Amino acid sequence: MNLADDVRSYDLDALRERVLPETSGSVTESIPQLAEADPDLCGIALVALDGEVRTSRQGEAAFSIQSAVKPFVFALALQDTGRAALERVGIEPTGEAFDAVKLESGTGRPPNPMVNAGALLTSSIVDGRDAGARSERIAAGLSAFAGRPLQVDEEVAAAEQRLGDRNLALAHLMRSEGTLRVEAEDAIGVYGRACATLVDASALAVMGATLASGGVNPCTGERVVSPEVARDVISVMATCGVYDGSGRWMREVGVPAKSSVSGAIVLASPGFLGAAIFSPPLDDQGTSVRGHRASALLSADLGLHAFRVP
Ligand code: GLN
1136 MNLADDVRSY
1146 DLDALRERVL
1156 PETSGSVTES
1166 IPQLAEADPD
1176 LCGIALVALD
1186 GEVRTSRQGE
1196 AAFSIQSAVK
1206 PFVFALALQD
1216 TGRAALERVG
1226 IEPTGEAFDA
1236 VKLESGTGRP
1246 PNPMVNAGAL
1256 LTSSIVDGRD
1266 AGARSERIAA
1276 GLSAFAGRPL
1286 QVDEEVAAAE
1296 QRLGDRNLAL
1306 AHLMRSEGTL
1316 RVEAEDAIGV
1326 YGRACATLVD
1336 ASALAVMGAT
1346 LASGGVNPCT
1356 GERVVSPEVA
1366 RDVISVMATC
1376 GVYDGSGRWM
1386 REVGVPAKSS
1396 VSGAIVLASP
1406 GFLGAAIFSP
1416 PLDDQGTSVR
1426 GHRASALLSA
1436 DLGLHAFRVP
């Protein structure tokens, strides 16, 4: 049996049952809409690179993508700037929380595109001459990654803007360094709308699979980004995608991924598959507890660890 067959026959409901008894972690209180999430929700989706989409029970539950959007915004920034984005944002892990108010020493750049400072920057350099046009570019790009039109949750977007003081502080700090070149309010508006994009586990898994396939959406056949961009993004997911939990993640799961405060995790296993898990309770690093556990089991069951040895 090859991996595509393994993915086709993999029992996602059984995986879900294995992680459901895990009840540790807590749901974020960052904005009211996220604080209301049901802690018992758990949905999983897998997308093989032949375009086959598989989902578990509750795989259709909708959630705002939050920080799981960051790899895709980075991808669009690389694509739109001819990869000049690599000069505007660092690619080193920080060992710090996602919203740490800290920039790269010496350059004043955001440390990497997977933390808030980095995503504020990357969402400011995608194509579009003003904030509205950049938001439209991001919405169209994310929809191409997902293979279906994605909507923004306007209440979540408004709350991100209203309660985004820390992100605003980061934007002002980058402006004072000369590294962010749009208005701070515009930067948090565009980034906040990107975070408020509504997906479900299957849409997010297709997005991961599009990176894993080298930039072509395996369901629609559309090329969304170049193979070089996909490789760059997956590399940075591997080193920085789970913030200050990236080292533990790489040892235990071994698959490039991005976590988010809504409890979503997107995985991109290059050449193999995309996957997504949504379960709101988070650990101290802001990673879904059941999502981490399910990812580790999935990786072990399908032999996905990047550094597996004979
Ligand atoms: N919108 C959230 C924020 O900027 C996203 C954070 C996250 O998912 N870790 O604070």
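Using the numbering used here, read the sequence shown as starting at 1136 and increasing by one per residue.
Backbone N, C-alpha and C fix where the C-beta goes; we use that ideal spot for every residue, glycine too.
Predicted model, so just to flag it, every value in this text is computed and none were measured.
Asked, Found
"Evaluate contact between the segment 1413 to 1428 and the segment 1359 to 1370, counting only Cβ atoms and requiring at least three cross-stretch pairs below 8 Å.", "no"
"Residues in its own chain within less than 6 Å of G1253 by CB, not counting five upstream and five downstream?", "V1224, P1245, N1247"
"Which residue's Cα is closest to the Cα of A1139: G1313, N1302, P1206, L1408?", "L1408"
"Nearest to E1387 by alpha carbon, out of L1176, P1156, R1443?", "R1443"
"Assign I1369 to one of three DSSP states: helix, strand, or coil.", "helix"
"Consult DSSP for A1149 and reduce its assignment to one of helix, strand or coil.", "helix"
"May I ask which residues mark the beginning and end of the alpha helix (DSSP H) holding S1259?", "1251 to 1260"
"If you follow the beta strand (DSSP E) that T1163 is part of, which residue opens it and which one closes it?", "Run containing T1163: none; DSSP gives neither H nor E here."
"Nearest by alpha-carbon distance to I1273: which of S1395, C1330, P1228 is it?", "C1330"
"If you draw a straight line from the alpha carbon of G1380 to that of M1372, how long is it in whole angstroms?", "12 Å"
"Three or more C-beta pairs closer than 8 Å, one from the segment 1314 to 1330 and one from the segment 1270 to 1288: is that the case here?", "yes"
"Candidates E1227, I1226, A1212: which alpha carbon is nearest A1220's?", "A1212"
"CB-CB under 8 Å to L1238, same chain, minus the five flanking residues each way: which ones, in chain order?", "R1244, P1245, P1246, A1252, L1308, M1309, E1312, T1314"
"Within the continuous beta strand (DSSP E) that includes S1394, where are the two ends?", "1392 to 1394"
"For the alpha helix (DSSP H) holding D1345, just list the boundary residues, first then last.", "The displayed chain sequence assigns Thr, not Asp, to residue 1345. It spans 1336 to 1347 - the alpha helix (DSSP H) in which T1345 sits, taken as one unbroken run."
"What whole-angstrom Cβ distance do L1184 and A1399 have, given they're in contact under 8 Å?", "Actually they are not in contact, since the Cβ atoms of L1184 and A1399 sit about 21 Å apart, beyond 8 Å."
"Within 10 Å of its beta-carbon, does R1316 have 16 or more other beta-carbons around it, so buried, or fewer, so exposed?", "exposed"
"Given a cut-off of 7 Å, decide if D1335 and E1152 are closer than it, judged by their beta-carbon atoms.", "no"
"May I ask which residues mark the beginning and end of the alpha helix (DSSP H) holding R1192?", "Careful: R1192 lies outside any alpha helix (DSSP H) and carries neither H nor E."
"How many angstroms separate the CA atom of R1192 from the CA atom of D1146?", "11 Å"
"List in chain order: all unbroken alpha helix (DSSP H) runs of 4+ residues lying wholly within the segment 1213 to 1286.", "1220 to 1223, 1251 to 1260, 1266 to 1281"
"Using the three-state DSSP reduction, which class does V1188 fall into: helix, strand or coil?", "strand"
"Across which residues does DSSP place A1180 in a beta bridge pair?", "T1190, A1411"
"Ligand 1 and V1396: does any heavy atom of the ligand fall closer than 6 Å to the residue's C-beta?", "yes"
"What is the DSSP secondary structure of S1202, counted as helix, strand or coil?", "helix"
"Exposed or buried, what is A1279 when buried is set at 16 or more other beta-carbons lying within 10 Å of its beta-carbon?", "buried"
"Roughly how many angstroms separate the alpha carbons of I1323 and F1233, rounded to a whole number?", "15 Å"
"Could you give the distance in angstroms between the alpha-carbon of M1342 and the alpha-carbon of G1178?", "16 Å"
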